[in-house]
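Chains as they are written, first to last, in this note's numbering: chain V, 241 to 432; chain R, 7 to 106.
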Amino acid sequence: MATPPESHQLDPKNWVKAYADYLYMYAITRVNDAEQAQDLVQETFLAGLNAMSKFAGKSSERTWLTAILKNKIIDVYRKKASGLRTQELVNTGGEDADFFDATDGHWKAEHAPQPYGIENYDPLEGKELRGILKRCMEKLPPLWQSVFAMKHMDDEATETVCTELKISPANYWVIIHRAKLNLRACLQKNWI
Amino acid sequence: MPSKKLDITMNPLKGIIYNCRKATFLADKKLEGKISFVENIQLRIHLVGCDACKLYLKQSGKLTAMVKDLMKTPVGSNVRLDSDFKEQLQERIDTHLSKN
């Protein structure tokens with residue numbers, strides 16, 4: 241006979257010791273702000289305490305707390321993304337107003353992609369490049385950053401990103417594309 | 007009219023062959039696996055004659071991998087939550103538990 245799956249228990253007395261650092265790390269890689277990450281961890285534990293009766297024991301304690309934190313991070317993205325959205329979409333934004341010739345759609349000579357070694361990027365050796373990439377991402381408009389972060393941190397589905405951040409799929413594609421144009425150009429400028 | 011029909015079938019290609027703005031947009035869509043059949047043909051035709059966009063496609067793909075890598079791995083393995091903050095948290099949790 242199959243044994244029923246082991247049910248997980250909550251042990252909140254142990255939460256800080258067992259998960260505080262893990263959750264903090266999870267938050268800080270996604271919101272990129274130490275103070276905000278701290279607050280998120282605190283809010284997660286407090287929300288967890290208030291929701292204990294809803295815990296069904298199907299997932300591990302850590303998975304459950306991480307899910308609460310993740311929802312709070314999406315809230316942060318949502319807040320960041322609201323406001324300025326019309327301006328950001330109308331204006332191409334980013335560092336360079338436009339990479340292409342207005343009449344024929346060709347790359348402008350000074351913006352055309354050059355080979356500069358990211359083709360051979362090795363994650364294990366790429367510390368310096370990571371720093372540059374991070375700074376380049378921080379220069380993107382907030383809405384783009386939110387879309388980009390949500391999409392890449394947990395491979396969130398397009399539909400989820402669109403629903404959570406209240407953008408249309410068409411705008412989603414424009415944002416992803418413009419963010420990448422800008423990031424690529426920023427890397428090229430700072431890496432060569 | 008046959009000439010009009012020809013126009014319609016040629017139209018999807020007309021705008022793309024020399025247009026890097028559109029080609030790079032399609033390249034990013036392709037990288038996400040969301041490109042349509044017609045769009046894919048448009049892109050491939052453009053890439054035959056455009057080394058700059060070929061390079062863009064390659065670098066944009068690499069960029070996605072780098073961003074994912076950046077988001078998923080911690081900034082530094084020594085990132086820890088402040089210990090005073092942890093103590094305060096523990097106290098708050100203990101207080102909450104003793105009330106219930």
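By construction, the Cβ of each residue, glycine as well, lies at the ideal position given by its N, Cα and C atoms.
Chain V contact for Arg50 (chain R) (CB, 8 Å cutoff) = no
Do you know whose CA, among V:Lys257, V:Tyr266, V:Asp273, V:Trp347, lies nearest Ile308 (chain V)'s CA?
-> V:Tyr266
Alpha helix (DSSP H) runs contained entirely in the segment 16-66 of chain R, provided each spans 4 or more residues = 26-37, 43-54
Is it right to say Ser66 (chain R) is buried, meaning 16 or more other beta carbons lie within 10 angstroms of its own, or is it exposed?
-> buried
Quick one: Cα of Met72 (chain R) to Cα of Met377 (chain V), how far?
-> 12 Å
Taking DSSP as the reference, what is the three-state secondary structure of Phe339 (chain V)?
-> coil
Going along the chain, which residues of its own chain have a beta-carbon closer than 6 Å to the beta-carbon of Glu396 (chain V), five neighbours each way excluded?
-> Met390
Could you tell me the distance, in whole angstroms, from the CA atom of Gly371 (chain V) to the CA atom of Ala274 (chain V)?
-> 17 Å
Counting pairs of Cβ atoms below 8 Å between the segment 271-290 of chain V and the segment 252-263 of chain V, do you hit three or more?
-> yes
Note down, in chain order, all residues in the segment 37-49 of chain R with a beta-carbon under 9 Å from any beta-carbon belonging to chain V.
-> Leu37, Glu38, Lys40
Counting Cβ pairs closer than 8 Å, one from the segment 308-323 of chain V and one from the segment 399-414 of chain V, do we hit at least three?
-> yes
For the segment 286-305 of chain V, which residues have a beta carbon sitting closer than 8 Å to at least one beta carbon of chain R?
-> Leu286, Leu289
Are His417 (chain V) and Lys74 (chain R) closer than 8 Å when you measure CB to CB?
-> no
Alpha carbon to alpha carbon, how far is Gln48 (chain R) from Phe339 (chain V)?
-> 20 Å
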